[in-house]
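K.L.:
Same order as they appear, the protein sequences are chains A, B, C and D.
For the first sequence, the numbering used here gives the first residue as 5, with consecutive numbering after it.
For the second sequence, the numbering used here gives the first residue as -15, with consecutive numbering after it.
For the third sequence, the numbering used here gives the first residue as 304, with consecutive numbering after it.
For the fourth sequence, the numbering used here gives the first residue as 358, with consecutive numbering after it.
Note that CB positions come from ideal geometry on N, CA and C, so glycine has one too.
My questions will all concern the structure given below.
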Amino acid sequence: MNLDILTILTLVPIITGLMLIILPQLLPKEMATNLKIITRNISMGIALAMFAIATMMFIGTIGNVEWTDILHGEYVLKNEQFSLISSIGVQWKVGADALSFPMIWLTSLLIPISMLVEWDAKRGHIFHPLILIMEGALLGVFVSLDLFIFYVFWELTLIPMFLLILLWGGEDRKYAAMKFFIYTFTASVFMLIGILVMYFHTTPIPGLGSMTGHHFDLVQMSLQDNLIPSEGLRHFVWILLLIGFATKMPSVPVHTWLPDAHVQAPTAGSMLLAGVMLKMGAYGFLRIAVTIFPESTIIFIPLLIFLGMASLVYGAWVCMGQTNLKRMVAYSSVSHMGLIFLGIATMQPLGIAGALFMMFAHGVISPLLFAVAGAFKHHYHTLEIGSMRGIAHHSPYLSGHMMLGWMASLGLPLMAGFVAEVAILIAFWMSFGWLVMLPALTLIITATYYLTSMQRTIFESNDPNQGILPDTLHGENPRDVTWHENTGMFILGIFTIIFGIFPFIFWDMMSVWSTQFMTDIMIDAMENVNVWSPSMDWISEVFK
Amino acid sequence: MIDPSWIVGLGVILFGIGLLGTFYHKNAIVVLMCIELMLNSANLNFVAGAMYYGDVNGWVFTAIAIAIAAAEVAIGLAILLSMYSTQETISLEDANILRN
Amino acid sequence: MGEMKHEYPLLYPLLPILLLVPILKLAGWESIDAAFLVVTIPLLIFPTILIIGQIYNKNQVWKNKWKEGGILALGALAVSLTIALWILFDYLYGDSHFSNQSTITWFEWITFDFLQSDYTISQESRIIGVGVWIDQVTLMILFVATFLCFLICWFSMGYMNTDPINEDRNHRFYAEFVLFSMGMFGMVLADSFLWLFIFWEIMGLCSYLLIGFYYWKVSAAYAAKKAFLTTRIGDVFLMVGLFILYDIYGSLDFEVIFDDPSTGVTGALVDSNQLFWALLLLFVGAVGKSAQFPLHVWLPDAMEGPTPVSALIHAATMVNAGLYLVARMVPFVDIHHHGVPGLENLGIIIALIGGITAFMAALIAFVQNDIKKVLAYSTMSQLAYIFTGLGVALWFYNTDHHHAAMIAFGASMFHLFNHAMAKGMLFMASGSVIHEVHHAHDHIHQDNHQDHNFDPQDMRNMGGLAAKMPITATAMMFGSMSIIGVPLIGGFWSKEGIIAETWKAAIEYEPIMIIPAILILATAGMTGFYMSRMWFMTFAGEPKNDVVNHVHEATPWIREPLLILTVITAIGGFGLALFDIIHFLSADIDHLKMHGFVYTLEHAFLPSDMNTRLVGWTTILLSFIIGPIIAARIHGGKLKEGTKAIALISWLVSLSGKFGHQNVENISKSQFSEALQNRLYFDDAYEYVISKTVIPFANLSAWFDRTIIDGIIKQVESKSVSSSLQVRKITTGSARDYILMAAVGMISIFILIWGVS
Amino acid sequence: MNSLSDISLELLIPESIMIIGILTMILIPNLGDAKIRIPLTNTSVPVFIGGTRFTQVNNPFIPSIVAIITFTLSFFMSLIMLQGAKNGEIGQIMEVNQFTTLFSLIFTSALLMTSIATFYRMPPKQNPEIPQDKDTESSASAKIRILMNNRRQVDFYILLLMVGLGMCLMSKSTHLFLLFVCLELASLSSYVLVGFYKESDIGGEAGTKYFIVGSVASAIGIYGMSLLYLWNGNLQIDSLTSSWSTMENLDPFAGIGVGLMLVAFGFKVGAAPFHLATPDAYSGASSPIAGLLATASKAMGFVAIMKILLIITSPEEGVEAYWFIAIALISVITMTWGNFAALTSVNPKRMLAYSSVAHAGYMLAAIAAIGSGLGDYNSNVLIITALIFHLTILVLFKFGAFLVLTLLENEGLTHNMDGLKGLTRRDPVIAISMFIFMLSLAGIPPLSGFLSKLLMINGIVNVSAGTGSVSSATVLTWMTSVNVVFWLALSIVINSAISLFYYLRVGLLMFFEEPVVEGPLAKSIYLRITIIACAIFTLLLGIGPLSESLLEIANEAAQSLL
């Protein structure tokens, strides 16, 4: 195999992670003990190296890629053809473009941070390698251009996350881990059927699929005209894919695994779950469902809007009714993910770029939120909103991070989330007019629940020098965040602001990509199919 | 010479009796006997076929099938004994530690 | 109480800032190039103060030499002020390259393409950039903002750092303070509606943080949340308005939009209906930010913040953001310059909202006893004046009464200036009062710090302070005069213009305008009453509490800003009026011109138009004569025997005792008074509606999610388990049953095979 | 035509090795210094059978070592044959091709693993003492028990070799009767093996039930075969195939005959509703034997089913086989039943038994897809490839799971899930291997269980996805127009999702619960190596070159079957 950079990025964490877990079992006892002690340092080193590589790729030191020049359909840093199971058309094919690269970079950023935040995790000699494996699996999803491999990595992410929840989770972790695994797996097997139907319709390419005559090559699939001739089947496959992706995102009504998983997961797990794993759904939806079935996407725009609206609006309302901090943050993820569907539904380059940026921005912000919630759990042993008051006095750093994260998440300008929100909503107005009031007004609800939760935890103790502490502390002195939590949150906070003030760092490539995406794929489809548009003229008629 | 169809008919009856007997009786020995009946109904068919087609293979099949039946009974009795030594019953109804 | 301390040496580190402009000039910078420093320096100082403060908290050097960050903040604001002044002078007297409206772009924020309705991608990418836009209005508000930020920061070093409750927390205050300043400067300088909105939101955040500065106070936390959420409602509408604008013009840059607002991005004429909605939504945002009816409820509560915050954010600067936004609507409606006709209703709506708010706020201010609350309602009322004026201006612009429009517009903007200066000062003065009363109270009750029954902000605990606090009383007097509109003093020039133009519109052109016209005229008189009432209650009469006798004006850093602003309020308004600032602000003429003393006076008091003259004199009568006299009858009175005020104010004190005394106990017990005490039940009603709709609905949603959506999943789960048990029961353990099942299966196979084929 | 010289024994090397193994095993323990006096003389000639045994052969481990050597040899011989593609006919009743050799490989590998597992499961005592008169009754009976125990070694491994012999020959036979006889040889031996679990009192019961139900099923099968004989007069598979394809209407003899044989083979593979005795048998048998039943025995059943359904009654292209609906329905019922029953099973062996039932359902669904007659030759080959692939790798992870249970069985903890509790803490490597097996059973990528499931679903999609109306414009019209086979794919994936619950529960117990018994598991070094090897191959065969080559082998096998 040609050692190309994306392959290294994907496989090195998995292999080293596995090694770090397995080696102590095989080595003699003394060596094993020594190895266990430095395992987390090694893991961190590798994670940082991966981040360095990703950053160098971005700057152009590695691969010499001009990211803003990448159009849709072009992939850079591709590897040489290497077939894994050539008789059924599976090959190791990796590549990056503006859709996947921000996610790749984000993953490589979040991994060391989540390791750092849980630097003193119990049984760290397994914990940190597991996160490394997680990194490899996540990166694999984003880099692979072969649907088989894509699916393999897609499911592979479940296993380390399952173990993370199971071994380091909260009280009800058994239920949560099972629910998480089974729920998302169930959804993704529907997606698998969709993939297989697509596979069935591919035309052979030489050297691949000697046994079946088909292949899993995503690039070739998207190049093939009219991959599935039957329109009904096309829509059916689109829906099957949507089931898989929407559950991962997650979109209402298939979202209930998320709060449970988040509440029970360890902090690092939550961070990765919210930061990257949810994005896999949106990424896959754009990469596969929308790219290959543009016409179905356009026909189902009302469905997308419904799902997006349901997630966004309903999710926000549910958030308001939560009493558990982490649950609330989890539902807020549901709510924000709704915006991605809305962005895609606009069928505007701006909207799609906004959705991409939303994926990225939420990937920076939500880990911060979960790190904060995790710190609450860690230091105050409770997540009940209202069980404590005025802890800003005891934990100024924690409160500061909470404030920053909460504000970023409610869409305050100069923070990453705002850019995406504005872009999506502008595009939404252009496509659907007054319907935009619904998501816009939801922003008020978002602000309400965030502020209320903040007010009821870090404010309002009635005494400047003493907070009202939760019973779960049992009279212990409350602590502020540890240095590693603090550092992790700081880094996330700084990135939140950097990408809020200078969004063009990643925006430009997303924008160029979306434009080309629209030109190449969507416009033809839009000319063939009636594009849905809401009849909202009556509002202005009424007021005339 | 008897028409082979009569033999087949007898075979069907025997098979029916055997099959009914297998789930009618509790005693494992009786069930074993019923199984013998079913095997023998097959033997009758082989015989009938051999007669009808004038094919010597049928006779051979019958002979081998009888041997199989014998082996089956031998093994069966051994297993039943083994069960009897632990559970002190050979009633298929009562031997139900393993269930659900 | 110790000696009056001077701490000027602490400012020495800041002296190099004076060299900033010369250095930059030497380096070849234009003033407009340096504009970004106005924003970025505070932005950089914000984390600096926060981090250093967090690290060196409780450090003595940090506390005493750096005032817990106050000096740093002051330095940042000094830089901003210096550069703002540089830009101002450059604009007024500089080279020709600095034209009427100047703009510069720093960097491209986001770039993107568009899909047009004919399914083609727009040829050129659109850009949302970041830059500077400078014209007269910008300059005026930038000056106001930088100047007041600087002064109030100065004031804070006295007010905040001497209060033990703030100890070790002040770095947070100063950090948020400079962040706020950054937001304000940015908003004023922004060259597009989007960036205006962005900085607008930053200000909202800082307002939230600063109102909740005393985070442990339940009322403060509540007020902070209320302020943020209420303005957020407006902001959301504003945002939608921006989307519509974007849709119309394909950009949000002032340069692009104002170039020709009548044609949209497609080249077609702009649909006035759509534009109307856009501007109306923008106005909703302004209503929220500037605390106008019906989104006014947050402002009085916002007084929970430290007094400098009230002075800066909730009186002088942030609340002006809404006005600034409405002022930016002028090019849309100015049919003289490519405006879009058919937007008259917008002006009427704005004027109406303004009128209603002005009247309502003034009414409520009648009964407030908290000195800051009075000022808060007064702020609301005065802002409403400006809204009315702007509404009238917009109406005039749109109906092609160019000259009247310019006067209304200029007067409104001028009122903004006057009000900001006066109100900033009033708040600082009230802060001074509160601070000293509080100190005095602590001084008396040293043993018992926790005496919560004493409210240092309650005017019923004051009285007769004129003798104790000469500087403060003077400042407050001039500030109140400016707000009331006492002839020749600041606010008079602008307020009179607004009222006159509103009446002009009402009488001569648009009957509906009579409503705001009457309302603001009445408000003028009411303003006279409640401002005088406040002053008299605080400074005149006998001390109502023992504490007053122990009050001294002794805190450093407090007097200087008061003095400066007193001068500006007393003379500055008149001076600017002489320079015909009203026309300057409405972009009628390029530079300030001296109009002449007599001309100005004549124009103000004896306008040629009979109606205007009548209205003008009625205003003067109501606000200057009737209102204050009634107030004096109720609350005025001589000072306590043996105490004496300085000459500048003693005349007023003694005058206040000359009109006799009126007992208002019956009125204050009336139902109407009670309604006013309860702020006309707006807050209660909102609270009630929210508690009956929003919260139950949220709980319902949570319940629905838990029991229905997740319940289905749980049902599937439990049903699977129970059916699993059922299935397992079929395996009875009896070999007979197994055989039976096999036989049944066998037979069903045959039935299936033969039944199907 | 038939002469002995035609029979090329080189094609039967694996089987010959097994026969030699049986003989060896009978002989070796009996070698002794016995002499026989030549009649009429006084010279005694040593015959080496009987008498006082030599100490070298007195080692009670000998039978298991012989069995291991035998199976290893025949495994490698099969492998060599597979590599060399040694094919040919033996007489008219047997044929050796890639298919049969591959299955020999499957059977021998499963048996090899059984032998390795039992090597530790029934440890004989070295140097047993012979009871003396002076012994008390109890000590004498203890000594006798040890002797008997050692004695059983031989019985056990002979039966094991018999099973191997029967299975290998069965897969090679082209004559239905021979097929059945070999099947009986294997089955009867396996009944005894199930009952061999003497450590617990349930062995006998399990053996009895399995034997009774199995015998009824075989009796039904033999009766069905006799009907086929009546119909055709010849039980050569070729002859049956040609008669079947020329048959105009479905002959009742033929139809009923095939149907009855399906019952017999359905019992072997554990298809509902003939599967009811399987969970009992699995839970009653010792774990290695249960593993054998779940892998080799099931593979044997599927070979038979494939020979009957896919060769004799193979549907013509475009014509639905007459058994299609029946098999489709059975497959759906089987997988659903299996999964639902496994959902709450508390006995790990029962759980695995039900999971094995569910897997049978998936495979039957694939067979049903062929029966639909929608696919062409290529797609049928693809489905059979998937089946063969699945049966092959099942030996790895299904048997692997049973091997782990074998390790636990020494502690007597396999009757409920408690034994698995806290396994990670006691023995992390084994626990991780077990987790891998479970995930592979559930079909989680990148493990081999996923690849096989994917191939089966793909086979089904392959034949059915093209059937929907091309002109359908909406989802509903397409859904109503598509062939029912397509929904089999959906039922498979939904069932896999359900199955995940109980597979993961094992993980949950291992990772989460406190162990019931502390301390590491028994050492059993070869067993451990086998388990780890199984786990590694489960991983390697999921994706990459190794799975590619196995797929190619399976594909060749499938082609040689059709």
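May I have the straight-line CA-CA distance separating D:L919 from D:I910, to the nearest angstrom?
P.N.:
One C-alpha to the other measures close to 15 Å.
K.L.:
For chain A, find out if any of its Cβ atoms is closer than 8 Å to the Cβ of C:F531; answer yes or no.
P.N.:
So yes, C:F531 belongs to the interface.
K.L.:
In the structure shown, what three-state DSSP assignment does D:Q510 receive?
P.N.:
Looking at D:Q510 - three-state DSSP - the assignment turns out to be helix.
K.L.:
For D:V827, go through chain A and note every residue whose CB falls closer than 7 Å to its CB, in chain order.
P.N.:
Correct list: P233 and S234.
K.L.:
Taking only the alpha-carbon atoms, compute the straight-line gap between C:L572 and C:T566 and give it to the nearest angstrom.
P.N.:
Computed Cα separation, rounded: 5 Å.
K.L.:
Using the beta-carbon of each residue, which ones in chain B are nearer than 9 Å to C:R1031?
P.N.:
Residues of chain B passing the Cβ test: R83 and N84.
K.L.:
Mind checking which residues open and close the beta strand (DSSP E) that includes C:G434?
P.N.:
Here the beta strand (DSSP E) through C:G434 covers R429 to I437.
K.L.:
Determine the DSSP secondary structure at D:P396, reduced to helix, strand or coil.
P.N.:
Of the three classes helix, strand and coil, the one that applies to D:P396 here is coil, per DSSP.
K.L.:
Would you please verify whether the beta carbon of D:S583 is less than 8 Å from any beta carbon of chain B?
P.N.:
Cβ-Cβ to chain B under 8 Å: yes for D:S583.
K.L.:
Using Cβ-Cβ distances below 7 Å, what residues of the stretch 707 to 719 of chain D are close to chain B?
P.N.:
Residues passing the 7 Å Cβ filter: none.
K.L.:
Determine, using beta carbons only, whether C:Q439 and C:L917 come nearer to each other than 8 Å.
P.N.:
No, the pair does not count as a contact, with Cβ atoms beyond the cut-off.
K.L.:
Please report the straight-line C-alpha distance between C:A988 and C:G658, rounded to a whole angstrom.
P.N.:
In a straight line, the C-alpha of C:A988 is about 22 Å away from that of C:G658.
K.L.:
Who are the near neighbours of B:E77 in its chain, counting only those whose CB is closer than 7 Å to its CB and skipping five residues on each side?
P.N.:
Closer than 7 Å at Cβ, skipping near neighbours: K10.
K.L.:
If you measure between the beta carbons of A:L442 and A:M341, is that distance less than 8 Å?
P.N.:
Cβ distance not < 8 Å, so A:L442 and A:M341 don't count as in contact.
K.L.:
Reducing DSSP to helix, strand and coil, say where D:T427 ends up.
P.N.:
D:T427: helix per DSSP, three-state reduction.
K.L.:
Quick check: what's the CA-CA separation for D:I395 versus D:S401?
P.N.:
Whole-angstrom Cα-Cα distance: 6 Å.
K.L.:
Quick one: which chain B residues come within Cβ less than 7 Å of D:E562?
P.N.:
Going along chain B in sequence order, the residues near D:E562 (Cβ under 7 Å) are M67, Q71, A79, I81 and L82.
K.L.:
Can you tell me which of the three DSSP states C:T408 falls into?
P.N.:
Three-state DSSP puts C:T408 in a strand.
K.L.:
For chain C, check one thing: does any of its Cβ atoms lie closer than 8 Å to the Cβ of D:W694?
P.N.:
Cβ-Cβ to chain C under 8 Å: yes for D:W694.
K.L.:
When the cut-off is 8 Å and only beta carbons count, does B:I59 lie next to chain D?
P.N.:
Yes, contact with chain D.
K.L.:
Measure the alpha-carbon distance for A:T190 versus A:E159 and round it to whole angstroms.
P.N.:
Taking the straight line joining both Cα atoms gives about 11 Å.
K.L.:
If you run the structure through DSSP and keep just helix, strand and coil, what is A:N328?
P.N.:
Reduced to three states, the DSSP call for A:N328 is strand.
K.L.:
Span of the alpha helix (DSSP H) holding C:I320?
P.N.:
Careful: C:I320 lies outside any alpha helix (DSSP H) and carries neither H nor E.
K.L.:
Exposed or buried, what is A:R393 when buried is set at 16 or more other beta-carbons lying within 10 Å of its beta-carbon?
P.N.:
Classification of A:R393: buried, given that the 10 Å Cβ count is 16 or more.
K.L.:
With distances taken between CB atoms, is the gap from D:I669 to D:L584 smaller than 8 Å?
P.N.:
No, Cβ-Cβ distance for D:I669 and D:L584 is not below 8 Å.
K.L.:
If we define contact as Cβ-Cβ less than 8 Å, is A:V241 a contact residue for chain C?
P.N.:
Chain C contact via Cβ: absent.
K.L.:
Could you pull the start and end residues of the beta strand (DSSP E) that D:M451 belongs to?
P.N.:
First-last of the beta strand (DSSP E) with D:M451: M451 to V453.
K.L.:
Using the Cα positions of A:L282 and A:S118, report the straight-line distance between them to the nearest angstrom.
P.N.:
If I take the Cα positions, the gap works out to 16 Å.
K.L.:
Kindly indicate which three-state DSSP category A:A100 falls into: helix, strand or coil?
P.N.:
In this structure, A:A100 counts as strand in the three-state DSSP scheme.
K.L.:
Within the stretch 491 to 545 of chain D, note down every full alpha helix (DSSP H) run reaching 4 residues or more, in order along the chain.
P.N.:
For the stretch 491 to 545 of chain D, whole alpha helix (DSSP H) runs of length 4 or above, ordered along the chain, are 494 to 529.
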